[in-house]
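Protein chains in written order, with the working numbering: chain U, 1 to 417; chain R, 418 to 834.
Every residue, glycine too, gets a C-beta built ideally from N, C-alpha and C.
Just so it is clear, the structure is predicted and the values come from calculations on it, not from any experiment.
2 protein chains.
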Amino acid sequence: MESRYTYNPSMPLVVQKYGGTSVADADRIRNVARRIVDTYNAGNHVVAVVSAMGKGTDELLSLAGDVSQTTYPRELDMLLTAGERITMSLVAMAIQDLGVPAMSLTGSQAGILTTGRHGQAEILEIKANRVREGIEEGHVVIVAGFQGVDPDTKNVTTLGRGGSDATAVALAAALPADLCEIFTDVDGVFTADPRVVDDARKLDEVTFEEMLELASAGAGVLMPRSVEFGRRFNIPIHVRSSFHEGDGTWVKEETMEQAVVRGIAHDVSEAKVTVYGVPDTPGVAASLFEPLASAGVNVDMIVQNVSQDGLTDISFTVPSASADLARLEAEAVASAVGARGVSIDDTVGKVSVVGIGMKTESGIAARMFRILSDEGINIEMISTSPIRISCVVSQEAVDAAVEALHAGLSVGQVSVS
Amino acid sequence: MESRYTYNPSMPLVVQKYGGTSVADADRIRNVARRIVDTYNAGNHVVAVVSAMGKGTDELLSLAGDVSQTTYPRELDMLLTAGERITMSLVAMAIQDLGVPAMSLTGSQAGILTTGRHGQAEILEIKANRVREGIEEGHVVIVAGFQGVDPDTKNVTTLGRGGSDATAVALAAALPADLCEIFTDVDGVFTADPRVVDDARKLDEVTFEEMLELASAGAGVLMPRSVEFGRRFNIPIHVRSSFHEGDGTWVKEETMEQAVVRGIAHDVSEAKVTVYGVPDTPGVAASLFEPLASAGVNVDMIVQNVSQDGLTDISFTVPSASADLARLEAEAVASAVGARGVSIDDTVGKVSVVGIGMKTESGIAARMFRILSDEGINIEMISTSPIRISCVVSQEAVDAAVEALHAGLSVGQVSVS
Numbered sequence: 001m002e003s004r005y006t007y008n009p010s011m012p013l014v015v016q017k018y019g020g021t022s023v024a025d026a027d028r029i030r031n032v033a034r035r036i037v038d039t040y041n042a043g044n045h046v047v048a049v050v051s052a053m054g055k056g057t058d059e060l061l062s063l064a065g066d067v068s069q070t071t072y073p074r075e076l077d078m079l080l081t082a083g084e085r086i087t088m089s090l091v092a093m094a095i096q097d098l099g100v101p102a103m104s105l106t107g108s109q110a111g112i113l114t115t116g117r118h119g120q121a122e123i124l125e126i127k128a129n130r131v132r133e134g135i136e137e138g139h140v141v142i143v144a145g146f147q148g149v150d151p152d153t154k155n156v157t158t159l160g161r162g163g164s165d166a167t168a169v170a171l172a173a174a175l176p177a178d179l180c181e182i183f184t185d186v187d188g189v190f191t192a193d194p195r196v197v198d199d200a201r202k203l204d205e206v207t208f209e210e211m212l213e214l215a216s217a218g219a220g221v222l223m224p225r226s227v228e229f230g231r232r233f234n235i236p237i238h239v240r241s242s243f244h245e246g247d248g249t250w251v252k253e254e255t256m257e258q259a260v261v262r263g264i265a266h267d268v269s270e271a272k273v274t275v276y277g278v279p280d281t282p283g284v285a286a287s288l289f290e291p292l293a294s295a296g297v298n299v300d301m302i303v304q305n306v307s308q309d310g311l312t313d314i315s316f317t318v319p320s321a322s323a324d325l326a327r328l329e330a331e332a333v334a335s336a337v338g339a340r341g342v343s344i345d346d347t348v349g350k351v352s353v354v355g356i357g358m359k360t361e362s363g364i365a366a367r368m369f370r371i372l373s374d375e376g377i378n379i380e381m382i383s384t385s386p387i388r389i390s391c392v393v394s395q396e397a398v399d400a401a402v403e404a405l406h407a408g409l410s411v412g413q414v415s416v417s
Numbered sequence: 418m419e420s421r422y423t424y425n426p427s428m429p430l431v432v433q434k435y436g437g438t439s440v441a442d443a444d445r446i447r448n449v450a451r452r453i454v455d456t457y458n459a460g461n462h463v464v465a466v467v468s469a470m471g472k473g474t475d476e477l478l479s480l481a482g483d484v485s486q487t488t489y490p491r492e493l494d495m496l497l498t499a500g501e502r503i504t505m506s507l508v509a510m511a512i513q514d515l516g517v518p519a520m521s522l523t524g525s526q527a528g529i530l531t532t533g534r535h536g537q538a539e540i541l542e543i544k545a546n547r548v549r550e551g552i553e554e555g556h557v558v559i560v561a562g563f564q565g566v567d568p569d570t571k572n573v574t575t576l577g578r579g580g581s582d583a584t585a586v587a588l589a590a591a592l593p594a595d596l597c598e599i600f601t602d603v604d605g606v607f608t609a610d611p612r613v614v615d616d617a618r619k620l621d622e623v624t625f626e627e628m629l630e631l632a633s634a635g636a637g638v639l640m641p642r643s644v645e646f647g648r649r650f651n652i653p654i655h656v657r658s659s660f661h662e663g664d665g666t667w668v669k670e671e672t673m674e675q676a677v678v679r680g681i682a683h684d685v686s687e688a689k690v691t692v693y694g695v696p697d698t699p700g701v702a703a704s705l706f707e708p709l710a711s712a713g714v715n716v717d718m719i720v721q722n723v724s725q726d727g728l729t730d731i732s733f734t735v736p737s738a739s740a741d742l743a744r745l746e747a748e749a750v751a752s753a754v755g756a757r758g759v760s761i762d763d764t765v766g767k768v769s770v771v772g773i774g775m776k777t778e779s780g781i782a783a784r785m786f787r788i789l790s791d792e793g794i795n796i797e798m799i800s801t802s803p804i805r806i807s808c809v810v811s812q813e814a815v816d817a818a819v820e821a822l823h824a825g826l827s828v829g830q831v832s833v834s
């Protein structure tokens, strides 16, 4: 034992993350333990970040709903963090059953320091000494995902959606680890959503920059903030299936081959707000978007029409959940600046094509617009970045748009430049 | 709000404890919240210690059993502490629903420092600053029972059976509180087990000393260590029902009236071990009980027969769960010292009569033996303290012994001295 399970600074350090479906019952927990031990025995130090078991978080939420109709954020976070606590101790037991030393740490014990915004806290810093000590003692260290502690109040916090991924990548950056593996219930990142496009293909590689654009454009496999942690600290992320051994998708600084269009993402969870008949005077945009920002509304695309007769229309998209709030704020501003009115459309969708090769290859936008036009799909808004073009279309046209673009743009094809 | 829910140093501070059955579902949690708020609104600051919901701990244990057949103490404690975490956050929500500020704290956050013995940790000290700060901010503070933290390793620990009571009384001592209320599923402390004796009566008062003897002799309503905390720091303990408002039993330094026999306790969870034909030489008892102590066997009563022909028999009782271990240790010693052999009897029971008045009134032992004799019950072992007499009898005679003693000894009757 002594010689086998000791710290070896020359061994790679891998951070793995297992989501809720991967640890949904005792059998799956033992499978995860086996996988962790295989990684360990292959000559790696391992830190594993785990989520609550299967529907664990939903069950706790329903319990809270039975007790009270009101949300008390501090106590809700205290409640929800019981979920990962249960998983992490069970995984640590199952690993020890396989003869490998293991210990679990809560977010707080692992030094995950966050802002105090309950339910949506952001990781500020990771003081990973206890994790490092655990590794140096020869342990596999299991860390609760999704949770942390506000260093000012010592209150327990949760990170919100995709929080366990963020824990894993941020922890990998802090330790630092050589690699972060995100185990999930899909095989990796695809050229388009396989539920929409039959011949969507799994990507072997994608750059951080592309993944950030794909994630922001609706590809659900990783949340943008996790990708951003990986990018900032240059930690390669391997997104792979927890159900088989095959390679998934590597997200990294640079890929072997540059694709013109790496993938197509879509998003039907946004609404379009239009303020029309706005007097086109300096500062009018600021007077609209400042109150929206203060109200916490996350504005995505913004388009301002060419002014006619000193009046213009300003359209923007927001998450559907914020649509009512956005409308209220926009109506207040519209009335203050003398605009004609506000309309809202929550039957829109967004289709985005993303590829690092677009930096050097022009003409993709024109081809995209032509393909949509040939399908009879009307483009309502357009926005671009150096490696992305997004079009807002009607929600019912989204699937057809994704299919046509996937077929017409040679997605994943290597650029010849 | 400001004026109503602020700290008032002249208001009494009450620590309440609610066990698992009191918080078994959402309805009961709301009832507990109502009870806490009533206490608060009656002009008290309140700290409430809560256990895991109903079968919560059993469910977590069964989950651990599904994952592994081996017990990993550190991880098991991490797992089990999720139980109180769930209760305490739900209770804090339900209290806030009633308009009273509340916050929950884990054992670690509440400063419950313990030994490192997982599953059976002992409270060493309580650093109650966060609890005090919570009270001074006008909060009802909900504290997780049964759990603490080892200050050396920072590992989470659990206290073992009756641990939430111990948390409550120790916290009341540390704050200090004016009073500790233990809410339970019985009405208080009875003159005998009401399941055995039909006309057993609830006691209004009992001294710490008597309660300590009753608890040690098998009265399950409070564990000895909780009583000992109350006695040492002179915190009155009110044991009362969580299902109605009526008074329960006050456990305190001195009672208004002294009873000769306050109550009768019995215990059928012990086994009797006899080492017979032991050469009666100096040091032979030590050579037997030292290895038992080292093996962690908790020896209760010890009786050594009068020596005949230089040989004696030594009998002692141990918890049934330790009987096999005790037999092994005793057999090793028996063979080393040349004793004839070891026998074990796990069909014994113990009946104890307890009363502070026995300090001054003699003859209770003689009356006890006569009553048992009249019932045809054979006494196998006897032990006494200044306020207790215990007899080991056959397990099948225990109920009859308790009934006869309860009827014959005027239990609860005030001494005329």
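From the options, pick the residue whose C-alpha is nearest to that of residue i; which is it?
i             : options                    : result
residue 795/R : 808/R, 677/R, 769/R        : 808/R
residue 263/U : 46/U, 398/U, 354/U         : 354/U
residue 342/U : 325/U, 350/U, 357/U, 351/U : 325/U
residue 540/R : 516/R, 507/R, 591/R, 553/R : 591/R
residue 139/U : 99/U, 118/U, 152/U         : 99/U
residue 728/R : 654/R, 756/R, 677/R        : 756/R
residue 449/R : 507/R, 711/R, 747/R        : 507/R
residue 659/R : 674/R, 438/R, 558/R        : 438/R
residue 600/R : 526/R, 656/R, 487/R, 505/R : 656/R
Tell me whether residue i is buried or exposed, calling it buried when 16 or more other Cβ atoms sit within 10 Å of its Cβ.
i             : result
residue 651/R : exposed
residue 779/R : exposed
residue 423/R : exposed
residue 425/R : exposed
residue 571/R : exposed
residue 815/R : buried
Using the C-alpha atoms, what's the distance from residue j back to residue i?
i             : j             : result
residue 419/R : residue 457/R : Confidence at residue 419/R is low in this model, with a pLDDT of 41, below 50, so the placement of that residue should be treated as unreliable; the coordinate-derived value is given next. Their backbone Cα atoms lie some 15 Å apart in a straight line.
residue 385/U : residue 366/U : 15 Å
residue 682/R : residue 663/R : 24 Å
residue 490/R : residue 186/U : 35 Å
residue 492/R : residue 345/U : 52 Å
residue 470/R : residue 544/R : 26 Å
residue 636/R : residue 585/R : 19 Å
residue 419/U : residue 400/U : Missing from the structure shown is residue 419/U; chain U here goes from 1 to 417 and no further.
residue 279/U : residue 224/U : 36 Å
residue 500/R : residue 791/R : 50 Å
residue 702/R : residue 804/R : 26 Å
residue 707/R : residue 800/R : 20 Å
residue 433/R : residue 537/R : 22 Å
residue 283/U : residue 299/U : 18 Å
residue 876/R : residue 553/R : Past the edges of chain R, shown from 418 to 834, lies residue 876/R, and the structure says nothing about it.
residue 255/U : residue 360/U : 16 Å
Per DSSP, what kind of secondary structure is residue i in: helix, strand or coil?
i             : result
residue 640/R : coil
residue 434/R : strand
residue 30/U  : helix
residue 427/R : coil
residue 375/U : coil
residue 35/U  : helix
residue 272/U : strand
residue 291/U : helix
residue 347/U : coil
residue 540/R : strand
residue 465/R : strand
residue 773/R : helix
Checklist entry - Which residue spans inside the region 146 to 180 of chain U form an unbroken beta strand (DSSP E) run of at least 3? => result 147 to 149, 156 to 158
Next on the checklist: In chain order, what are the residue ranges of uninterrupted beta strand (DSSP E) at least 3 long that sit wholly in the region 608 to 680 of chain R?
Outcome noted: Listed in chain order, they are 622 to 624, 654 to 658, 666 to 669.
Checklist entry - Which whole runs of the beta strand (DSSP E) in the region 483 to 563 of chain R are 3 residues long or more, in chain order? => result 519 to 522, 529 to 531, 540 to 543, 557 to 561
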